[in-house]
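These notes are about the structure you will find just below.
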Amino acid sequence: MARRSAIVATGQTDFVARRLDVSIAEMIREAVDRCLAQRDLDGSRVDAVVIGNMELFEGLHMPEQLMVAALGGGGRPVYKLNTGGTVGASVAVMCDHLVRSGLHDVVLGIGYEKQSEGDSQGNITTVGDPIWERSVMAGAIGNFAVMASTYVNESGVTAEQAAKVAVKARRNACLNPHAHLKKPNITVEEVLSSRMLAAPVRLLDMCPTSDGAAAALFAAEDLAPRLAPRPAWVAATATAHDQQFMGDSPRRLADMRSLQAATRTVYRAVGISDPRRDLDVAEIYEPATYAELAMYENCGFCERGKGGTLIDEGVTELGGELPVNPSGGVLSTNAVGATALVRVIEAALQVMGEAGEHQVPGARTALATGYGGNAWTEALILTSERP
Amino acid sequence: MAEPATPTASQEVEVTPDGLVYHQVISVPYQYTAGPAQRAFLRGLAERRILGSRAGDAVLVPARPFAPDGSRTGDLVEVGDHGEVVAWTTVPRDGGPVTYGLIRLDGATTPLLHRLDVPAERLAVGLRVRARWAAEPTPSITAIDAFVLA
Amino acid sequence: MSGVGASADEPLRLPLTVRLPYDYAVGRYGSRFMTALRDEGKFYGTRDPVSGAVLVPPRPINGMTGEHLDEWVEVGPAGTVTGCTIVETPFVDPMTGRQRPIPYGFAFIRLDGADTNIYHFLEASRHEDIRVGMRVEAVFKPRAERVGSLADVICFRTLEP
Amino acid sequence: MDHRVAVIGVGLSAHARRRRDVDYAELALEAIDAALADAGIGLPDVEHAVTASMDFLDGRTIASMSVAEVVGSYCKPESRVVGDGIGALLYAWARMRTGAYRLGLVVAHAKESQGRPHIISRAAFDPFTEQLLDPDEEVVAGFAAQRFAIASGRSAADAAAQVVRARAAGRRHPALEDLPEVTVDDVLSSPLLAAPLRELDRAPLTDGACALVVAVDDVVRSLGADPVWIAGSAVDTDAYWLDRDLARVDALERARDRAVALAGWDDPRADVVEVGAAYGYQVLQFAPVLGVDPDSPACNPSGGRLAGTPAVVAGLDAVAECVQQLRGRAGSRQVPGARRALAHGWHGLGAQTHAVAALEAAA
Chain L
1 MARRSAIVAT
11 GQTDFVARRL
21 DVSIAEMIRE
31 AVDRCLAQRD
41 LDGSRVDAVV
51 IGNMELFEGL
61 HMPEQLMVAA
71 LGGGGRPVYK
81 LNTGGTVGAS
91 VAVMCDHLVR
101 SGLHDVVLGI
111 GYEKQSEGDS
121 QGNITTVGDP
131 IWERSVMAGA
141 IGNFAVMAST
151 YVNESGVTAE
161 QAAKVAVKAR
171 RNACLNPHAH
181 LKKPNITVEE
191 VLSSRMLAAP
201 VRLLDMCPTS
211 DGAAAALFAA
221 EDLAPRLAPR
231 PAWVAATATA
241 HDQQFMGDSP
251 RRLADMRSLQ
261 AATRTVYRAV
271 GISDPRRDLD
281 VAEIYEPATY
291 AELAMYENCG
301 FCERGKGGTL
311 IDEGVTELGG
321 ELPVNPSGGV
331 LSTNAVGATA
341 LVRVIEAALQ
351 VMGEAGEHQV
361 PGARTALATG
371 YGGNAWTEAL
381 ILTSERP
Chain B
1001 MAEPATPTAS
1011 QEVEVTPDGL
1021 VYHQVISVPY
1031 QYTAGPAQRA
1041 FLRGLAERRI
1051 LGSRAGDAVL
1061 VPARPFAPDG
1071 SRTGDLVEVG
1081 DHGEVVAWTT
1091 VPRDGGPVTY
1101 GLIRLDGATT
1111 PLLHRLDVPA
1121 ERLAVGLRVR
1131 ARWAAEPTPS
1141 ITAIDAFVLA
Chain P
2001 MSGVGASADE
2011 PLRLPLTVRL
2021 PYDYAVGRYG
2031 SRFMTALRDE
2041 GKFYGTRDPV
2051 SGAVLVPPRP
2061 INGMTGEHLD
2071 EWVEVGPAGT
2081 VTGCTIVETP
2091 FVDPMTGRQR
2101 PIPYGFAFIR
2111 LDGADTNIYH
2121 FLEASRHEDI
2131 RVGMRVEAVF
2141 KPRAERVGSL
2151 ADVICFRTLE
2161 P
Chain G
3001 MDHRVAVIGV
3011 GLSAHARRRR
3021 DVDYAELALE
3031 AIDAALADAG
3041 IGLPDVEHAV
3051 TASMDFLDGR
3061 TIASMSVAEV
3071 VGSYCKPESR
3081 VVGDGIGALL
3091 YAWARMRTGA
3101 YRLGLVVAHA
3111 KESQGRPHII
3121 SRAAFDPFTE
3131 QLLDPDEEVV
3141 AGFAAQRFAI
3151 ASGRSAADAA
3161 AQVVRARAAG
3171 RRHPALEDLP
3181 EVTVDDVLSS
3191 PLLAAPLREL
3201 DRAPLTDGAC
3211 ALVVAVDDVV
3221 RSLGADPVWI
3231 AGSAVDTDAY
3241 WLDRDLARVD
3251 ALERARDRAV
3261 ALAGWDDPRA
3271 DVVEVGAAYG
3281 YQVLQFAPVL
3291 GVDPDSPACN
3301 PSGGRLAGTP
3311 AVVAGLDAVA
3321 ECVQQLRGRA
3331 GSRQVPGARR
3341 ALAHGWHGLG
3351 AQTHAVAALE
3361 AAA
């Protein structure tokens, strides 16, 4: 059995719409410095760096080479990943693999995006398949709305139920110092009366675009307890894809095959039979309200078609039986390359008992997911107990 | 309708003996942001001053927030607008050959990348050159037009 | 860009539009599909010999089974909407650089005989005129205007009264 | 107990200046089908995949989506590195050392013909202080070639001889499109590229893909495969090109040291060394660091990038060549009795990041 790894420190910038005060490199360094400062470590403890983003989003080819000084300097391995929206979670999974393999003892994972330096229209254009998608595109929102319509049609979830997810997210964000969109007084009515973008999706159903970076430090099992009072152990990881084209999965949100596969793999690995009961908290990659409800079902938090019931009953509220995204989630903060790593970091903070005002009391087992690319899913289980 | 200031990808379809080829142009408007040290460097250029950052015994030009070893840099330091060519190369471009130089400015440790406007027969490692400032003072690397014989 | 005399804290930005030309090969399967679309006004998929699934876009391998696919099957031009919306937020068509007039319909369409969907536009542009399960058919550009691209199909229009 | 991992299948697509007959998936599939056949397995047997590609080269964000289906990743774990293909092999190796996966696929693809190298490589420079001056990768190579010539005393003719040699080697490699035979004088009198470099000094722009099948020890045994063991592998990144002496390759030294240490080799020298070199001078610069005489038959029997292996793919092509050499299946390129090999790849301006794989023949 390979050795275990644990997250021992985390750092996030405060996510905002535009960081005009710093460059991309300085923004990344802010997250790295906060991460190391959490345990009073210096950068020389880091054996390797894994970093992820989408190069065309800021127009920089091989950005990790240009910005290597900000990452702590040359003279060590720097691994660059790009797996789409899920890349931050792919970074976390690779950090775990590198430590468990015995190749490195302490690995720093970084995810970032400074979306204000790019262009959201440009982003979606470059993501589209040049042969099959670019000539028939309706933007990220149009794509998402089509998927949501399939789910709404099958599950019968209502706009009110989706709006409750928006309210939960933006209220939870008020308890998270790093979150971007904070709306303490948001109401279901406000969400339902926000501008219609593409039915059933309204403005407040969607995530924002943010500038920000996140960093997490992974350490081998012998080191971890010495570096952190209560490390967040990586108990299981899994990665799964769907088919290649957007239209391949016949029922998209209604039947998220890669999310089902990845979550079932990690549940099996740690002996979770009833995720609603066995998980204490989940940080999932929900780019829109309807996606969160669909993910409840596909992550096995409830039966098929019962995603709306779960939010109605308050199960996923902070204080509910299984709080989902107490950080405010992607609906409140979305710097794409950082977003999935923020899910992992927030899950880690929960099981470390260091989530502050949005702490789920006594959280010991947390699920984090990333979702991007073409339904590319990463899933991790973090625990306060060494597995 | 006015041309939108948003990205475009035009497409032309070519029929070739090997199959279809789509010729597309992705055009994305980026907006880069300078951090404090780079802002100081660029605004210094608008005043015809070249600034570096102190890092231990070294002076790094252009001014920047982090030294190559990852440490934070210290104070800003003004260096000379004269220096020495560390390396040069000439490349063909559509408008004629362009010569680039790595120029270690007086007082600097690291070289600056810029264009050289030097007669081809005089190009040499170790050559002394000076900045030829552009007429317009702008906070941009193009505030220096090129480096010329000192 | 802010210039001389700006305070040290004042932001300094550099607008830089990057133009990236690419020559994308459509490939063997793609060229066969696009050429048939252009010349015959027909859609084709490739069938998995074991599972029987017909995949559109056509492709050399079915990732779900690992089977190589070389049997071509005509699909469509009619199909069923499996997901749909009316887009009311501006989006610039990347092929023209111009904003598409809003509102417009957009959908996943399962062409008859296919097991996967393609994205395309709907002729309808009002919520009351679209629904999941709606029967639609492709509206082609005239032959002379077709070039071998999915944009040779203008949109899909309803087959229902 | 760490698991030992071997390469048990190699496959190269036809490499050519321009493969506009295939899209990215079809290009990768040529390599994958060959590698799976070599290993004697089918795509459904593959448990995981790591791919390497670059969005700027492919002209698409998340370029790996184009090959997701052909690498068999449906409901399976594929990850994707940006950079030279040896980085993908290294990550696959790390994954399998943990015991999490037993049989995997490593794939790299690139089509250098489809984009505009000047514009693409310019996007790797600092937008404020460099991009406005319109530099590209070749400008840095010109500087580096000049600094290396001064530091080493090697002449432009010495570098040109490596181009001549690589092209001759490449003509013995069935997957590589033949390049015209040239002389040292042809290279030295070819049009200016970036002084002192000439056009013929540079690796030709090439389209291609490479795939490797990797397996842990018990799978190797149960399949009765013909393995070459991954003894060690490492990657290392130097300072940005402007911040270092371009005559030096410290990152390569560190990557070599770590890979060799992981392999447990007392002597870093190998019987076959595939050096990643996109310019003639880079063979002279990198080969000695990898412990091989650039003019010896042990150096670049495949010809490497100068013979027409593409950026990104080149590192995996280098591994593939080493594997065939150590299996004794390199045909007319065979280096007799090869037992140990080093494969090398790099990416970044002025070869900033280097990756090395140390490989051993089966006992």
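One line per chain: the protein sequences are L, B, P and G, in this order.
Residues 1 to 387 (this note's numbering) are what the first sequence spells out, left to right.
Residues 1001 to 1150 (this note's numbering) are what the second sequence spells out, left to right.
Residues 2001 to 2161 (this note's numbering) are what the third sequence spells out, left to right.
Residues 3001 to 3363 (this note's numbering) are what the fourth sequence spells out, left to right.
The C-beta atom is built at its ideal place from N, Cα and C for all residues, glycine as well.
Since we're looking at a predicted model, the values are computed, not measured.
Inter-residue Cα distance where the pair is Arg-226/L and Glu-385/L
Numbered from its first residue, the first sequence carries residue 226/L at position 226. Numbered from its first residue, the first sequence carries residue 385/L at position 385. So the alpha carbons of these two residues sit roughly 15 Å apart.
If we ignore side chains and look at the alpha-carbon of each, how far apart do Gly-2066/P and Arg-2059/P end up?
Along the third sequence, one-based indexing puts residue 2066/P at 66. Along the third sequence, one-based indexing puts residue 2059/P at 59. Straight through space, the alpha carbons of Arg-2059/P and Gly-2066/P are spaced by roughly 12 Å.
Can you tell which of Ala-1120/B, Thr-1099/B, Gly-1107/B and Glu-1121/B has the C-alpha that lies nearest to the C-alpha of Asp-1145/B?
Here residue 1145/B corresponds to residue number 145 of the second sequence, with the count starting at 1. Among Ala-1120/B, Thr-1099/B, Gly-1107/B and Glu-1121/B, the Cα nearest to that of Asp-1145/B belongs to Thr-1099/B.
Among the residues of its own chain, which have a CB less than 7 Å from the CB of Arg-1043/B, if the five just before and after it don't count?
Sequence index remark: in the second sequence, residue 1043/B carries index 43 (1-based). Cβ within range, chain order: Pro-1139.
Please state whether DSSP places Val-157/L in a helix, a strand or coil.
On the first sequence, position 157 is the one that residue 157/L refers to. In this structure, Val-157/L counts as coil in the three-state DSSP scheme.
Every unbroken beta strand (DSSP E) within the region 58 to 132 of chain L, with a cutoff of 3 residues, ordered by chain
Whole beta strand (DSSP E) segments, 3+ residues: 78 to 81 and 106 to 114.
Which residues of chain L have a Cβ atom closer than 7 Å to the Cβ of Pro-2060/P, listed in chain order?
Position 60 of the third sequence, counting from 1, holds the residue named residue 2060/P. Going along chain L, no residue has its Cβ under 7 Å from Pro-2060/P, so there is no contact; the nearest lies around 11 Å.
To the nearest angstrom, report how far apart Leu-259/L and Ala-3160/G are at their CA atoms.
Stepping through the first sequence from its first residue, residue 259/L is reached at position 259. Stepping through the fourth sequence from its first residue, residue 3160/G is reached at position 160. Computed Cα separation, rounded: 54 Å.
Give a yes or no on whether 7 Å exceeds the smallest Cβ distance from Asp-2112/P to chain B.
Counted from its first residue, the third sequence places residue 2112/P at position 112. Cβ-Cβ to chain B under 7 Å: no for Asp-2112/P.
Inspect the CB distances between the region 3069 to 3076 of chain G and the region 3275 to 3293 of chain G and report whether three or more fall short of 8 Å.
no
Residue range of the alpha helix (DSSP H) that includes Arg-3258/G
As a working note, residue 3258/G is residue 258 in the fourth sequence. Looking at the DSSP string, the run of the alpha helix (DSSP H) that includes Arg-3258/G is 3250 to 3263.
Can the beta-carbon of Ile-3062/G be found less than 7 Å from the beta-carbon of Pro-3227/G?
Counting from one through the fourth sequence, the residue named residue 3062/G turns up at place 62. Counting from one through the fourth sequence, the residue named residue 3227/G turns up at place 227. Taking 7 Å as the Cβ cut-off, Ile-3062/G and Pro-3227/G do not qualify as a contacting pair.
In the DSSP assignment, the alpha helix (DSSP H) including Ala-3318/G goes from what residue to what residue?
Here residue 3318/G refers to the residue found at position 318 when the fourth sequence is read from its first residue. Unbroken alpha helix (DSSP H) run through Ala-3318/G: 3314 to 3327.
Under 7 Å between beta-carbons, which chain P residues line up against Met-246/L? List them in chain order, please.
To locate residue 246/L, count along the first sequence from 1; it is residue 246. Within 7 Å Cβ-Cβ: Tyr-2119.
Per-residue burial, Leu-2159/P [other beta carbons within 10 Å of its own, 16 or more giving buried]
The residue labelled residue 2159/P in the question sits at position 159 within the third sequence. Leu-2159/P is exposed by the Cβ-count criterion.
DSSP three-state assignment for Gln-244/L, whether helix, strand or coil
Position 244 of the first sequence, counted from the start, is the residue given in the question as residue 244/L. Gln-244/L: coil per DSSP, three-state reduction.
What does Met-2034/P reach in chain G if we use C-beta pairs closer than 7 Å?
Mapped onto the third sequence, residue 2034/P falls at position 34. Residues of chain G passing the Cβ test: none, with the nearest at roughly 11 Å.
Specify the secondary structure class of Cys-35/L as computed by DSSP and reduced to three states.
Within the first sequence, numbered from 1, the residue matching residue 35/L stands at position 35. Helix.
What residues in its chain sit with their C-beta under 7 Å from that of Arg-257/L, if we drop five residues either side in the sequence?
For the purposes of this step, residue 257/L is taken as residue 257 along the first sequence, with counting starting at 1. So the list reads Asp-242 and Ser-249, once near-sequence residues are dropped.
Which residues in chain L sit within 8 Å of Ser-3121/G, going by Cβ to Cβ distance?
For the purposes of this step, residue 3121/G is taken as residue 121 along the fourth sequence, with counting starting at 1. Under the 8 Å cutoff, chain L gives His-61.
Quick check for students: name the residue ranges of the beta strand (DSSP E) that lie wholly in the region 223 to 270 of chain L, counting only runs of 3 or more.
232 to 240
Determine the direct distance from the alpha carbon of Ala-235/L to that of Met-3001/G, and round the result to whole angstroms.
On the fourth sequence, position 1 is the one that residue 3001/G refers to. On the first sequence, position 235 is the one that residue 235/L refers to. Residue confidence for Met-3001/G is low, a pLDDT of 48 falling below 50, so the modelled location carries little weight; the figure read from the coordinates is stated next. Taking the straight line from one Cα to the other gives about 19 Å.
Against chain L, with Cβ distances strictly below 7 Å, would Ile-3032/G count as a contact?
Translated into the one-based positions of the fourth sequence, residue 3032/G becomes position 32. Not an interface residue.
Chain L contact residues for Ser-2125/P, given Cβ-Cβ distances below 9 Å
Start at 1 with the first residue of the third sequence, and residue 2125/P comes out as number 125. Under the 9 Å cutoff, chain L gives no residues; its nearest Cβ is about 12 Å from Ser-2125/P.
Exposed unless 16 or more other CB atoms sit within 10 angstroms - verdict on Pro-1119/B
Along the second sequence, read from residue 1 onward, the residue named residue 1119/B stands at position 119. Exposed: under 16 other Cβ atoms inside 10 Å.
Using only CA atoms, which one of Met-54/L, Gly-356/L and Ala-379/L lies nearest to Val-127/L?
Translated into the one-based positions of the first sequence, residue 127/L becomes position 127. It is Met-54/L.
I'd like to know if the region 3028 to 3037 of chain G and the region 88 to 107 of chain L are in contact, where contact means that at least 3 CB-CB pairs between them fall below 8 Å.
no
For the region 3273 to 3303 of chain G, list the alpha helix (DSSP H) runs that are entirely contained and at least 4 residues long, ordered along the chain.
3280 to 3286
Spatial distance of Pro-1111/B from Ile-1103/B (CA atoms)
Along the second sequence, one-based indexing puts residue 1111/B at 111. Along the second sequence, one-based indexing puts residue 1103/B at 103. Cα to Cα, Pro-1111/B sits roughly 5 Å from Ile-1103/B.
Can a CB atom of chain P be found closer than 7 Å to the CB of His-1114/B?
Translated into the one-based positions of the second sequence, residue 1114/B becomes position 114. So no, His-1114/B is outside the interface.
Starting from Trp-1133/B, follow the beta strand (DSSP E) in both directions and report where the run begins and ends.
Residue mapping note: residue 1133/B aligns to position 133 of the second sequence, counting from 1. Unbroken beta strand (DSSP E) run through Trp-1133/B: 1128 to 1133.
Buried or exposed: which applies to Leu-367/L, given that a residue is buried once 16 or more other Cβ atoms fall within 10 Å of its Cβ?
As a working note, residue 367/L is residue 367 in the first sequence. With 16 or more other Cβ atoms within 10 Å, it is buried.
How about Ala-3247/G and Phe-3148/G: are their beta carbons less than 7 Å apart?
Numbered from its first residue, the fourth sequence carries residue 3247/G at position 247. Numbered from its first residue, the fourth sequence carries residue 3148/G at position 148. In this structure, Phe-3148/G lies closer than 7 Å to Ala-3247/G by Cβ.
Pop quiz: Val-2132/P and Gln-121/L are said to be a contact at Cβ under 8 Å. What is the actual Cβ separation, rounded to whole angstroms?
Here residue 2132/P refers to the residue found at position 132 when the third sequence is read from its first residue. Here residue 121/L refers to the residue found at position 121 when the first sequence is read from its first residue. Not really, about 28 Å apart at Cβ, beyond 8 Å.
Please decide whether Glu-26/L counts as near chain B, where near means a Cβ-Cβ distance under 7 Å.
Translated into positions along the first sequence, residue 26/L becomes position 26. Closer than 7 Å to some Cβ of chain B, the Cβ of Glu-26/L qualifies, so yes.
Proximal residues of chain G, C-beta to C-beta of Leu-2020/P below 9 Å:
Against the third sequence, residue 2020/P aligns to sequence position 20. Within chain G, the residues near Leu-2020/P are Phe-3056, Gly-3059, Gly-3115, Arg-3116, Ile-3119, Ile-3120 and Ala-3123.
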